[in-house]
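Chains as they are written, first to last, in UniProt numbering: chain H, 1 to 242; chain A, 1 to 973.
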C-alpha cells in the first residue's frame, strides 16, 4: 500500500517560509482553495495556511539552539480526525494514504481539529469548512506537468531541499532511505496516530584537532630559517682528507 | 477532490523575480490574464527551480492596495507632507520636469540630485546623471554595504555577493560572520544545504542566532562592531603558528615584496621599486623587489625563478627595508586572542581553536583539481589547488564605522589561508576580478561640473591616490553627499544617507531638485528619520522649501511618496523590461559571466510607466548625448530599443546585455546590436550564461588565459596580474598626504589626523566612531537589526501574505536585561539612545549576546503608508529603530558636522548605536512612539473591500479593482 508523505530535514531548514507561501499560492487558486485572509491590510491579519513554520529556542545562552519547525498535516496512518467526523467529510484515501476533506460534506463542526493532536487543521472562517494540507493532490498526479514537477508546491519551492516527498511504504524510496539512514522520527508516536510525515534530526559536525597537527616539519616558519652558507664558511671540504 | 486538475486559459511565461535583489528565474502561470502561480524556473542557473517566501508571494505584490497608478501632483496651495494630491497626465508631468531640469542643466547641473534605492539599474541611471552633468548621483550602496565592496576590492580585486562568494560545493569549513538572512538568498540556501549534507562544518559568528545561523554546527556569539578585533587575533595565531600558505602568499600577494622601512626616508612606507619590468597597467605597476634567499640579494619580484624570503629586515643600498609580511607580523604581534577576548566577548581559547581549525583544514584537506592552467608569468601548472575554508559576510561587518578595516582584516585572513579564487574557498564572479582598485575614477574638482556639459569623470569610481579625490582647492567636497572628499575618500557608492541633511543645510551646497527612485528616504532608508522628515518640509524665511522640488518614483505608496511634489507611478516587476547587466551588478556564476532580463508578463496597470522609460524620455527631451542622434533627435523609441542598440562607445560592441549579440545573435560579450536580442533572451529562460573553460575558472587574478580573455571581451582594460594587496600602498599614499609628505592634493587641517589614523596600510582595529563618543555606562547595550527571510527592506508590509508572517516587530533581548531593569517578556519598553527614544514591545531570547538588543528591519511603518489601514500592526505595535540612529556624529566641531560613517568609505554606521532599555509606565498607551499622522490615500490607489479576501486567479476580481481605480481617476477609460 502506498503512503505518500513528507520528510522534513531539520538539519538544513533555515526557516525561510518558502513552504508557507508557495503552498498558499498554489492552493488558493487550486482545488483546495480559496485560502481566505481576514484583515489583510488592517489590524492583526490572519488567514488560512496549510503549512506554518514555528521557530523556537532550546537551551540557555550561549548553548542555545534555534529550531525552525515546519508543520502541516502529517497524513497519519491512523488519523484521529477521520473517525470523529460526523459526516464522513474527513477521509483517508486508500490508494495513496493522503488524508483529505470533502468540502461538500464538511459542516465545519471542528471535531476533527479537536481530535488532531498536532493542530494541523484550520477552519476557513469564510467558507466554514475545515482545510488542511492535501499534499497538493491536484498537482502530483497532473500528467500535463513535467514528471519532475509533479510534487507538492512546498517541496519544489524549498531552497534547502529540506522537504522530501515520497512513499514511506516503499523501502526503496528516497523518503524511506532517509528515515532509515538519517534517524527519521515521528511526532508524538505515543498517540498511536502513526504519522506518515517524518522529521530528520539536526546533526553536528566537529573538527577534532590533535596537538601534533600544529607541530609539523613542513611548517613554513621553519622554511624561513633557510640561509645559504657563505663561501668562506667552514665545510667538510676544509677538513676532509680524501 | 479529483486528482487531475484541468487548467483552462492558462499560459506560462519566464521572467526574473524582483521580490528581492537575488534575481531568481521564475515561471509565471497566468489564468485569464491573472497570476495563477509563480514558481522557480528549474532551468535557471541561479535558483535551479527553487523559490523563496517572497518570490512565492509575488501575486500579492502585483495586486497590492499600495500600488500607485497615476502620475500625481501635490495640490496647489497644500503643504508638502499633508499628502494632498491630484492626478495629472504624463504629458504634463514630463513638461514640468523637463522645464525644471533644463533650467538647472543650463545654469548649475549639480543642483539636480538623483538618488536611487535597491533598483538594479545603476548603469542606466548613472549614465543619465553623468550626461546630465551632475555629480550628485548614487544608489543605495553607501548606506548598505560599500565597506564590503571596498574592503575586499581594495585588497583582492573582488567582493562578496554579486561579485564573488564562498565555494560551498567543495569547502570543508564554512565561516559565516555578520550575515543576515537575505544576503544572499536562494543560491546561498541551496549551497548551504549541500555543504551541510556533504559533512562540512558550518560556524556562524553573529550576535544573534536566527535564520542561517540556526543550522550552524557552532554558534559563536560576538559583540557588535568587534569583528575586526576577532580577525586581528585569528590572523595573529595563523601567522604566529605558521598556519598560512607560504607559497600562495609569495606568488600571488605583495607579502614578500620589500617596503621602505626607513622613517627618515622620503619613500618611507612605499614599496622599493625597480626602474625595469614596468608593465603597463592603470594603477599597480609590478616593478617591485624581493629578497632572494639563494643569492642573498634583492631581485625583481617578476623574476619567478627567485626564491624570496617572506619575513625579514634587509638593507637595500643603505636603506632599511622589511618585507610586507614582516610588517604584518610585527603589527599582529600584540593582537593576541586574550586581547580580542576582552573586546569581542569570545573566550580566548575559542579564538585560538577557531584559528587552528581554519589553518589546519586549509593545510591538510587540500583539493587538487586536474585542471591545467598557465599563470600570468607564463608558468604552466598541471593542477589547481584549493584550501577548502570558505567565508561569507555582509552587513553585520559592513554597517559599522569600523567596517572597512574589519573587512580588510577578514580578507587578509582569507588570503593568509590561501583561499582566493581557489576551489573550496572564495571564488570570483565576472566582471571581477578587476584591478586594485578598478579603473573608473570620479571627477577631480569643481571645474569638472559645467553647465550643459557632461560630467568630466564618473559619478562613482575608485580613487587610487589622493589626487583622484573630488575636492576643491581648499580640499573641500564638491559632491552634495561629500563623497570622494577627505572626510570619506574611498566612498565608492556615495553617501546617500547624508544627501537630504546636507541639501537642507546647504553644506556643501544647496540643490533645486531631488529625484528619488525607489528609495524610502523618509523612513527606513534614513537615519534620524523624524528629523529628516522635518527637513523635507522645512522652509527658508522666504517661504520656499529648503529642498525646493522633490520628485519620487515608486510603484508603491512608501513613506517617501508623502513628501513628493511630483509622484511617478512605476510598474511592478511583472510589467516591465529590465536588464541585470554586466555594466551593473549581473548574476554571474563562479564558472563564468551570466546576465539576465525581465520581460513583461502583464500589461502596465493604470498609467504606470517603468522608470527606465522615464529616464529615456527625459534624456531624449533634454538632448543628453546617449539618448539623441548627432542632430539632437530622439534616438530610441523606448527602453527595449535602447537596450538593444546602445553601445558604450560607437561601434564598441559592448552594450547592456552580453548574450546574443551580433546581427543574428551569434556573438556574446561583444558584438554589434542584434534586433532580436530580447526575443532570444525570452526564448532562453531570460538568461544568458557563458561558461568559461575549466582552465579559466580559477586563480583568475593571475590566470593568463582568463585575463586575456577578459581583456579581449571588454570585461577589463588590462590583462596584468592582480596581486593581492596584503600591504596597501594606496593607503600609505593617503597617509603620506595627511602627514604632509606628499605633493599633490592635501587634506584640510582638521582632517589630517583622521586621514593619517584610518589610512593605515596594514590591518588595524579601531572602535566604531560613535561608540568612542558614547557614555557606555549610560547606554550599555548595542542595538542592531536583522533582515527576515520573508521580507525585503520595507517592500513587503503591503503584501497580504507576507505581513501575516511579520505584522509587527519586537525588541529581542536576553532575559537578563529585563531582570536587571524590572520588566517582563512581552512588556512595553522604551529603548533610548543619545539621539532619541522609541517605545516598543520586548521579547526575551536566549539566542542573543546579552549586551545586544535587536529587531527585524523595516517592519514598522508610518501610519497609512504602504496601503495599510490606520489600525495596522505595522504602525501601532511595529517600530523603526532608525529614530535612535543619527546621520551625523555627536560632535560638532568648528568646521561643522561629520557623517556617522566609516572614515574610509562613508559607509553608514547603522549598527554603532548604543542604547538603554527601561519599562514603559503603566499609564502609557500601548502603542509605538514616535508615531505620525495617518497618511491619506492617494488618487489612483485601489480600495479593497472590507471583510474576507480570497484570492482565486481567473476570477477577475483583482483586475476589476484596478480597472475601477484607473477609470475613476482618469475619468476617460
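Ideal Cβ placement from N, Cα and C applies to all residues, glycine included.
Under 8 Å by beta carbon: chain H residues contacting residue i
i: residue 356 of chain A; result: 209, 213, 214
i: residue 873 of chain A; result: 43, 44, 45
i: residue 784 of chain A; result: Those within 8 Å of residue 784 of chain A in chain H number zero; the least Cβ separation is about 16 Å.
Backbone secondary structure at residue i - three-state DSSP
i: residue 356 of chain A; result: helix
i: residue 677 of chain A; result: helix
i: residue 689 of chain A; result: strand
i: residue 19 of chain H; result: helix
i: residue 949 of chain A; result: strand
i: residue 199 of chain A; result: coil
i: residue 479 of chain A; result: coil
i: residue 901 of chain A; result: strand
i: residue 219 of chain A; result: strand
i: residue 192 of chain A; result: helix
i: residue 41 of chain H; result: coil
i: residue 6 of chain A; result: With a pLDDT of 45 at residue 6 of chain A, under the threshold of 50, the predicted position of this residue should be treated as unreliable, though the coordinate-derived value follows. Residue 6 of chain A falls in the coil class under three-state DSSP.
i: residue 72 of chain A; result: strand
Close-in-space but distant-in-sequence residues of the same chain around residue i (CB under 6 Å, 5 per side omitted)
i: residue 126 of chain H; result: 36
i: residue 121 of chain A; result: none
i: residue 81 of chain H; result: 90, 112, 115, 116
i: residue 12 of chain A; result: 27, 29
i: residue 564 of chain A; result: 550, 552
8 Å Cβ cut-off: residues of chain A touching residue i
i: residue 108 of chain H; result: None at all; the shortest Cβ gap to chain A is about 15 Å.
Strand pairing of residue i, partner residues [DSSP]
i: residue 289 of chain A; result: A/300
i: residue 834 of chain A; result: Residue 834 of chain A is not bridged to any residue.
i: residue 28 of chain A; result: A/13, A/38
i: residue 214 of chain A; result: None, per the DSSP bridge assignment.
i: residue 393 of chain A; result: A/177
i: residue 260 of chain A; result: A/321
i: residue 580 of chain A; result: A/596
i: residue 914 of chain A; result: A/782
Buried versus exposed call for residue i [16 or more other C-beta atoms within 10 Å across all chains shown]
i: residue 3 of chain H; result: buried
i: residue 41 of chain H; result: buried
i: residue 484 of chain A; result: buried
i: residue 712 of chain A; result: exposed
i: residue 185 of chain H; result: exposed
i: residue 153 of chain H; result: buried
i: residue 361 of chain A; result: buried
i: residue 804 of chain A; result: buried
i: residue 744 of chain A; result: exposed
i: residue 217 of chain H; result: exposed
i: residue 54 of chain H; result: exposed
i: residue 188 of chain H; result: exposed
Cross-chain neighbours of residue i in chain A, by beta carbon under 7 Å
i: residue 68 of chain H; result: 214
i: residue 223 of chain H; result: 246
Chain H residues whose Cβ lies nearer than 9 Å to that of residue i
i: residue 662 of chain A; result: None at all; the shortest Cβ gap to chain H is about 33 Å.
Beta-carbon proximity list for residue i, same chain, < 7 Å, skipping 5 on both sides
i: residue 709 of chain A; result: 696
i: residue 654 of chain A; result: 647, 648, 670, 714
i: residue 792 of chain A; result: 19, 20, 54, 182
i: residue 309 of chain A; result: 256, 291, 293, 323
i: residue 454 of chain A; result: 130, 131, 133, 625
Residues of its chain near residue i, where Cβ-Cβ distance is below 8 Å and the 5 sequence neighbours each way are ignored
i: residue 629 of chain A; result: 635
i: residue 971 of chain A; result: With a pLDDT of 43 at residue 971 of chain A, under the threshold of 50, the modelled position of this residue cannot be trusted, and the question is left open.
i: residue 94 of chain H; result: 1
Neighbour list for residue i in chain H, Cβ cutoff strictly below 7 Å
i: residue 801 of chain A; result: 21, 24
i: residue 52 of chain A; result: 16, 18, 159
i: residue 223 of chain A; result: The premise fails here: residue 223 of chain A is roughly 12 Å from chain H at the closest Cβ pair, so nothing lies under 7 Å.
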